[in-house]
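Data first, discussion second: the structure below is written as structure tokens.
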Amino acid sequence: MSECQNAEIRDRLPDLVHDGLDAHTRAAVEAHVEGCASCRAELKVLRDVRAMFDAGTPRVDVARIVGALPAPARRRRWMDWRIAAGIAVLVAGGGSIAVLNRDTPRVLPGDSVAVAQPTPRENPNPAAQPVLIADSQRANSGAQVAVSPATDDAARGGLAMTGRLGDLSEAQLEALLKEIDQLEAVPVTEPGPVVLPVSTTRPASSRGGDL
Amino acid sequence: MTDAARGRDDNRDFELIAQWKGGDERAATELVERHATALARFAASVGVQSGGDVDELVQDTFVRAFGSLDGFRGDSSFRTWLFTIQRRLLVDRRRSERRRKGGLELKDDDAATEFDALDALVAGETAQRLQQMMARLSPTQREVFALRVGEGLSYKEIAVAAGTTEGAARVHYHNAMRVVKELLDE
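Protein sequence lines correspond, in order, to chains A and B.
Here our numbering is used: the first residue of the first sequence is -13, the next is one more, and so on.
Here our numbering is used: the first residue of the second sequence is 10, the next is one more, and so on.
This is the structure in structure tokens:
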């Protein structure tokens, strides 16, 4: 059988098989095919081959494919933000804990100051017993309090960990809280001896509004 | 599928892509459901062995596509874009196989894998007939014929997917058709 010379119609035959022609073109192609044995034969071949392709199509596991896909960019950004926030919280929290653990109360108001020390069981060294510093030991103006460095264990334990707050009277605690409220920031503590200026009476300039 | 219906189909793809980009992961499921079978059919028709290889290829195609969806500008349909990606993966795989075997480099045109004669022997009658037919075609003819007859892509879409021109795609199709008819007449 000789091939049909109408290339335009033959080009359209696969579209006819796939129902890809508009009504007008479809009618024209079908009219041609009806009168053309070569195109009818070719159309049959195309339909058979398409059926073979369909029959040989392997099944695919959609769920597995979807499971392997990357997350959408927006979700990735959201996840990145959450991870970053989580890291920030951990860093901030960890930092705070580290500071709190290192930051023993070097300076306390009141008549005497209890400095965190290890319990005898933790450190039997008698030199590391609690140190009491009386106000009388302070200088007259802007008294300075020298505090012996706490041992490592004590430094790690901190004030709250040693339970020494129980040694303070209510008045002392109140004064302590008031003093803490007036602090602008938590001072950085160093491992060596710390000398901090402490005033029992506040200078006139700090009273505010009296000038 | 008419041009109008295909346009609606493409629009649905673009909607789903936008939804997925907006964080809706369910849209990915629908996109995969809409196109996975066509990709598997194309893979099988150009000689990728059914089973694990087709599964893997289709999955890799989607993973690659979704990983670079931000770069998809919609110049072609999503389906055509998927076929383009799949064909590139086929080229890469074929090259790797050749390198492993110490053979010659493949040209980009030679994307499809060759049919395995043993596979044809064990396949069913229909599949065997199809494989014999496709085995007579050049790799490029196979691709063009499979995309045109199996998937109903236009020559323009085939040109994009196969990295050729519309005219060349048309010639490849008609040459392939001639070979197929000769075989079926035998």
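Glycine included, each C-beta is placed from N, C-alpha and C at the ideal position.
Proximity test, Cβ basis, 7 Å: residue i and chain B
i               : result
V15 (chain A)   : no
P173 (chain A)  : A caution first: P173 (chain A) carries a pLDDT of 39, below 50, which makes its placement in the model unreliable, though a value can still be read off. No, no contact with chain B.
H4 (chain A)    : yes
G42 (chain A)   : yes
I(-5) (chain A) : no
L(-1) (chain A) : no
I51 (chain A)   : yes
V19 (chain A)   : no
M147 (chain A)  : Unreliable placement is indicated for M147 (chain A), whose pLDDT of 45 sits below 50; no coordinate value is reported for it.
L32 (chain A)   : yes
R26 (chain A)   : no
is_contact[residue i, chain A] using C-beta, thresh 7 Å
i              : result
K165 (chain B) : no
D22 (chain B)  : no
S147 (chain B) : no
R157 (chain B) : yes
E42 (chain B)  : yes
S77 (chain B)  : no
V67 (chain B)  : yes
P29 (chain B)  : Looking at the sequence itself, residue 29 (chain B) is Trp, so the reference to Pro does not match. True, the Cβ-Cβ gap to chain A drops below 7 Å.
V63 (chain B)  : yes
A37 (chain B)  : yes
V72 (chain B)  : yes
A49 (chain B)  : yes
L98 (chain B)  : no
S85 (chain B)  : no
A171 (chain B) : no
Inter-residue CB distance, residue i and residue j (contact presumed, cutoff 8 Å)
i              : j              : result
A45 (chain B)  : I51 (chain A)  : 6 Å
V153 (chain B) : A171 (chain B) : 6 Å
G159 (chain B) : S54 (chain B)  : 5 Å
F39 (chain A)  : R50 (chain B)  : 6 Å
D12 (chain B)  : D8 (chain A)   : 7 Å
L139 (chain B) : Q95 (chain B)  : The Cβ separation is near 19 Å, so there is no contact.
E34 (chain B)  : A57 (chain A)  : 7 Å
P201 (chain A) : V63 (chain B)  : Here chain A comprises residues numbered -13 to 197, so residue 201 (chain A) is not present and cannot be evaluated.
Cβ-based neighbour list, residue i, same chain, cut-off 6 Å, excluding 5 preceding and 5 following
i              : result
A36 (chain B)  : L25, Q28 and W29
E166 (chain B) : T89
L162 (chain B) : L156
A168 (chain B) : T174, E175 and A178
G53 (chain A)  : none
7 Å CB neighbourhood of residue i in its chain, flanking five on each side removed
i               : result
Y164 (chain B)  : E175, A178 and R179
R(-4) (chain A) : C(-10), C25 and E28
K30 (chain A)   : none
D84 (chain B)   : none
V48 (chain A)   : none
T93 (chain B)   : V169 and A170
R36 (chain A)   : V3
Residues of its chain near residue i, where Cβ-Cβ distance is below 8 Å and the 5 sequence neighbours each way are ignored
i              : result
L192 (chain B) : Q141, M142 and R145
Problem - Within the stretch 61 to 89 of chain B, ranges of the alpha helix (DSSP H) (whole runs, at least 4 residues) - result: 61 to 76
Practice task
Return the chain-ordered ranges of every alpha helix (DSSP H) run that is complete within the stretch 28 to 88 of chain A and spans a minimum of 4 residues.
Solution key: 48 to 54 and 59 to 88
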